[in-house]
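Numbering (UniProt numbering), first residue to last: 1 to 107.
Below, the structure is given as structure tokens:
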């Protein structure tokens, strides 16, 4: 999966076969496309998991995420982890539906 981290003053995108790119507020077209794809998949997540992921990508710590979600650290971590796992599953489904290969190499 392409992991993205949105920070207040830069956008970082880790893409396969490339190093981490850092851009000041004006991401490249590739980065915009990757972020748009991530946002599209994130829209399908439950609201709490989506909020936890968004806060994590904005650079908030697990304590700050828990405070913002008005829950315990353990519950915030569970929501974040569940959101990440659900994104991985939807990415795998999308890749196979579009004719790509699964993670284990099978078609």
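Built from N, CA and C at the ideal position, the CB exists for glycine as well.
It should be emphasised that the depicted structure is a prediction, and the values quoted were computed from it without experimental measurement.
In this model, residue 76 and residue 67 are separated by some 9 Å (Cα to Cα). The C-alpha of residue 30 is placed about 18 Å away from the C-alpha of residue 42.
For residue 55, the enclosing alpha helix (DSSP H) covers residues 47–57.
By the 16-neighbour rule on beta-carbons within 10 angstroms, residue 89 is exposed. Straight-line measurement puts the Cα of residue 81 at about 12 Å from the Cα of residue 65.
A residue is called buried once 16 or more other Cβ atoms fall within 10 Å of its Cβ, and residue 52 is buried on that count. In the structure shown, residue 75 falls within a helical segment according to DSSP collapsed to helix, strand and coil.
With a cutoff of 7 Å on beta-carbon distance, residue 55 and residue 86 are scored as not near each other.
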